[in-house]
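Chemist: Sharing a structure here in structure tokens format.
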Amino acid sequence: MGITLVDAESGAQPPAEMLSVHYEEFRRVARRVLNGDAQALQIQPTDLAHEAAIRIAGFNQMSVDGRTHFLSLSARVMRQILIDEIRRMRARKRQAPVETQWPQGAIGRVDLEALDTALTKLEAISPQLASIVERRFFAGLTLDEIAANDGISESTVKRQWRAARAWLAAELTD
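Taking the numbering used here, the leading residue of the sequence shown gets 13, the next gets one more, and so forth.
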């Protein structure tokens, strides 16, 4: 048992090597997600990156096909870490919502827990749209990276991204 990480360019890599190659990207994404009120969390970008790396390294079985796929899986892990931390913080004391800035100002400031709830609802309606949002927001992937990873055109991903943002904007403003 173990993790098999396969990079299209360099072939199979040990988990520690793949994690170290992408660690700076983990930190960059963590800094972006933790901007705004999210800084009130008791977790720093480096801690979030470390926790994600530890959880990924602890997986018993995982097959990854390249950087984009690896970062897509990492996005799910980071999202869960953030939501767990928000829930722990709120359980300790009554706390105002933890907000962060939506990428590219598309929606404005969003409550991370409300975003997670909305993404869960969106996932039930359209797993593809939810996956695009998760990869854009939590992994910082570009639309062309998502298109290449999914094997679809960039224009399709752009259309899906617009639809997902519109749905989330409506859901988060209710």
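For each residue, glycine too, the CB sits at the ideal point set by N, CA and C.
Suppose the cutoff is 7 angstroms on Cβ atoms and the five residues either side in sequence are ignored; what does the same chain contact list for A175 look like?
Modeler: Residue mapping note: residue 175 aligns to position 163 of the sequence shown, counting from 1. For A175, where only same-chain residues beyond five positions count, the Cβ hits under 7 angstroms are L141.
Chemist: For L184, which residues in the same chain have their Cβ closer than 8 angstroms to its Cβ, ignoring the five residues on either side in sequence?
Modeler: Translated into the one-based positions of the sequence shown, residue 184 becomes position 172. Excluding positions up to five away in sequence, the list reads I119, V122, D123, A126, L127, A130.
Chemist: Is it the case that the Cβ atoms of L134 and L83 are separated by a distance below 8 angstroms?
Modeler: Translated into the one-based positions of the sequence shown, residue 134 becomes position 122. Translated into the one-based positions of the sequence shown, residue 83 becomes position 71. No, the Cβ-Cβ distance between L134 and L83 is not below 8 angstroms.
Chemist: Helix, strand or coil, according to DSSP, for S143 in the structure here?
Modeler: Translated into the one-based positions of the sequence shown, residue 143 becomes position 131. Of the three classes helix, strand and coil, the one that applies to S143 here is helix, per DSSP.
Chemist: Assuming S36 and R88 are in contact, meaning their beta carbons sit under 8 angstroms apart, how far apart are those beta carbons, in whole angstroms?
Modeler: Start at 1 with the first residue of the sequence shown, and residue 36 comes out as number 24. Start at 1 with the first residue of the sequence shown, and residue 88 comes out as number 76. Checking the sequence, you will find Glu at residue 36 rather than Ser. Not a contact, Cβ separation roughly 19 angstroms.
Chemist: Which of the three DSSP states is assigned to S75 in this structure?
Modeler: The residue labelled residue 75 in the question sits at position 63 within the sequence shown. Note: S75 maps to strand in three-state DSSP.
Chemist: Determine whether the beta carbon atoms of Q56 and E97 lie at a separation below 8 angstroms.
Modeler: For this step, residue 56 is matched to residue 44 along the sequence shown. For this step, residue 97 is matched to residue 85 along the sequence shown. No, the pair does not count as a contact, with Cβ atoms beyond the cut-off.
Chemist: Taking H62 as the reference, give the member of H81, F38, T80, V76 with the closest Cα.
Modeler: For the purposes of this step, residue 62 is identified with residue 50 of the sequence shown, where counting begins at 1. The option with the nearest alpha carbon to H62 is F38.
Chemist: Distance check for N161 and G117, CA to CA, integer angstroms please.
Modeler: By 1-based counting over the sequence shown, the position of residue 117 is 105. By 1-based counting over the sequence shown, the position of residue 161 is 149. Only weak support exists for where G117 lies, its pLDDT of 47 falling under 50; the coordinates are left without a value.
Chemist: On the criterion of 16 or more Cβ atoms from any shown chain inside 10 Å, does S32 qualify as buried, or is it exposed?
Modeler: For the purposes of this step, residue 32 is taken as the residue at position 20 of the sequence shown. Exposed.
Chemist: Just the Cα atoms here: how many angstroms apart are S86 and R100?
Modeler: Within the sequence shown, residue 86 is the residue found at index 74, counting from 1. Within the sequence shown, residue 100 is the residue found at index 88, counting from 1. One C-alpha to the other measures close to 21 angstroms.
Chemist: Tell me which residues share the same chain as T132 and place their Cβ nearer than 7 angstroms to its Cβ, disregarding the 5 neighbours each side in the sequence.
Modeler: Residue numbering aside, residue 132 sits at position 120 when the sequence shown is read from its first letter. The answer is none, since no qualifying residue turns up.
Chemist: Which term fits A182, buried or exposed, when burial requires 16 or more other beta carbons within 10 angstroms of its beta carbon?
Modeler: Stepping through the sequence shown from its first residue, residue 182 is reached at position 170. Classification for A182: exposed.
Chemist: Considering only residues of the same chain and omitting the five flanking positions on each side of F150, which have a CB-CB separation below 6 angstroms?
Modeler: One-based indexing of the sequence shown puts residue 150 at position 138. Same-chain partners within the cutoff: A87, M90, R91.
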